[in-house]
Amino acid sequence: MRLASFSLPGGPPRPGLIVGDEILDLSDAATGLPLTMAGLVALGTEGLERARAAPAGRAARHDLSTVRRHAPVPDPPAILAIGMNYRAHVAELGREPPEWQYWFNKQRTSISGPGDPIVLPSVSDSVDYEGELALVIGPRCQHVPAARAFEVVAGFTIINDVSARDWQWRSPTFTLGKSFDTHAPCGPELVTGDELGDPGSLAIRTWVNDDLRQDSTTADLIFGCAEMIEYLTTAFPLEPGTIIATGTPAGVGAGFDPPRFLADGDTVRISIEGIGELSNPVVQGGPPRPVGID
């Protein structure tokens with residue numbers, strides 16, 4: 003099953019089910035389901051089964067070409083990301099494989115959707131791409147053993163962990179360099195585990211324009227998806243709709259000599275087997291906005 007968040011002109015994002023070339027509105031009163039994707043995935047297996055059955059009902063459908071697509075969870079409670087989690091990526095940066103999982107957070111305000119621009123801030127000239135498999139948490143969970151980890155996963159998607167490297171390297175927590183506006187493009191769809199299969203053996207590729215930069219598989223992960231969930235939930239609960247970015251393969255811009263960072267006019271395209279393709283244009287931003295003005 004493939005889920006997506008979409009909106010109609012002038013309306014808020016709402017959850018939908020992809021049915022061929024159409025999207026079925028899961029927020030339609032006929033389904034009895036929540037109005038947001040975070041609310042839907044919070045229902046766990048029950049919510050997903052009700053979504054699966056929705057095509058038999060009378061919920062509204064829309065042609066995919068007529069709607070705006072958003073990140074599958076456009077309002078995540080948190081975006082958590084693991085660093086140094088592909089063996090070849092660790093090697094390209096001249097590091098040793100980590101003994102422990104290395105986590106940081108991206109501010110939830112950095113989320114953006116398929117086709118949305120990645121804005122290059124005027125205060126950084128070292129903005130990088132990181133194509134990653136992401137998973138979305140379903141029901142609230144804590145102390146989840148690895149053997150049961152996939153019971154709390156609503157589905158899988160793609161995320162670009164865009165990174166302002168100069169700001170990232172100023173702080174060991176990474177948060178500032180990982181959290182500029184628009185620096186978490188995510189989507190296009192949320193694919194449930196029964197359709198995707200084993201998340202530990204998926205081809206993952208990233209292009210900048212027509213240049214293939216990253217070409218790997220999730221078999222190169224150091225810590226697998228189930229291990230990540232077990233580790234995180236040992237420390238704190240995960241809320242419904244939390245996005246977990248599972249790390250990036252070799253081929254990031256910072257790994258080249260000289261570095262190959264993003265520039266105005268570029269397009270970043272990430273493909274993950276069984277999920278689809280996330281594409282975003284890169285644009286130069288203006289000067290910082292005055293204090294207190296959105």
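The opening position of the sequence shown corresponds to residue 3 in the working numbering, with each subsequent residue numbered one higher.
No residue lacks a Cβ here, since even glycine has one placed at the ideal position from N, Cα and C.
What residues match up with residue i in a beta bridge as DSSP calls it?
i	result
residue 247	83, 136
residue 64	25
residue 213	210
residue 17	7
residue 113	186
residue 284	120
residue 257	BP columns for residue 257 are empty, so no partner.
residue 278	274
residue 219	205
So residue i is in the beta strand (DSSP E); what residue range does that whole segment cover?
i	result
residue 104	104-108
residue 70	70-72
residue 6	4-9
residue 13	It is not in any beta strand (DSSP E) - residue 13 carries neither H nor E in the DSSP assignment.
residue 315	It is not possible to answer for residue 315, since the shown part of the chain is limited to 3 through 296.
residue 120	120-122
Checking 8 Å against the spacing of the C-beta atoms, do residue i and residue j come in under that value?
i	j	result
residue 64	residue 25	yes
residue 126	residue 186	no
residue 184	residue 119	yes
residue 7	residue 22	no
residue 71	residue 115	yes
residue 50	residue 16	no
residue 106	residue 137	no
residue 135	residue 204	yes
residue 220	residue 201	yes
residue 254	residue 104	no
residue 76	residue 142	no
residue 74	residue 188	yes
residue 2	residue 83	No answer is possible for residue 2: it lies beyond the span of the chain, which begins at 3 and ends at 296.
residue 223	residue 88	yes
residue 152	residue 195	yes
residue 147	residue 232	yes
residue 206	residue 133	yes
residue 94	residue 257	yes
Out of the options, which has the shortest C-alpha to C-alpha gap to residue i?
i	options	result
residue 230	258, 188, 144	144
residue 42	103, 242, 238, 170	242
residue 55	4, 169, 256, 9	4
residue 193	139, 156, 100, 102	156
residue 288	123, 75, 93, 104	123
residue 121	269, 275, 76	269
residue 227	182, 237, 139, 238	139
residue 280	249, 216, 160	160
residue 182	196, 162, 198	162
residue 267	286, 94, 57	286
residue 251	215, 259, 196	215
residue 69	94, 99, 12	12
residue 30	60, 44, 10, 14	60
residue 249	91, 150, 66, 44	91
What first and last residue would you give for the alpha helix (DSSP H) that runs through residue i?
i	result
residue 41	39-44
residue 49	47-55
residue 234	227-237
residue 75	Run containing residue 75: none; DSSP gives neither H nor E here.
residue 92	89-94
Does the distance between the C-beta of residue i and the nearest non-hydrogen atom of the ligand ADP fall short of 7 Å?
i	result
residue 125	Ligands in the displayed structure: none, and consequently the ligand ADP is not present.
Practice prompt. Mind listing, in chain order, the continuous beta strand (DSSP E) runs of no fewer than 3 residues lying wholly within the stretch 130-205?
Written response: Taking only runs of at least 3 residues, the beta strand (DSSP E) segments lying wholly in the stretch 130-205 are 133-139, 155-162, 186-193.
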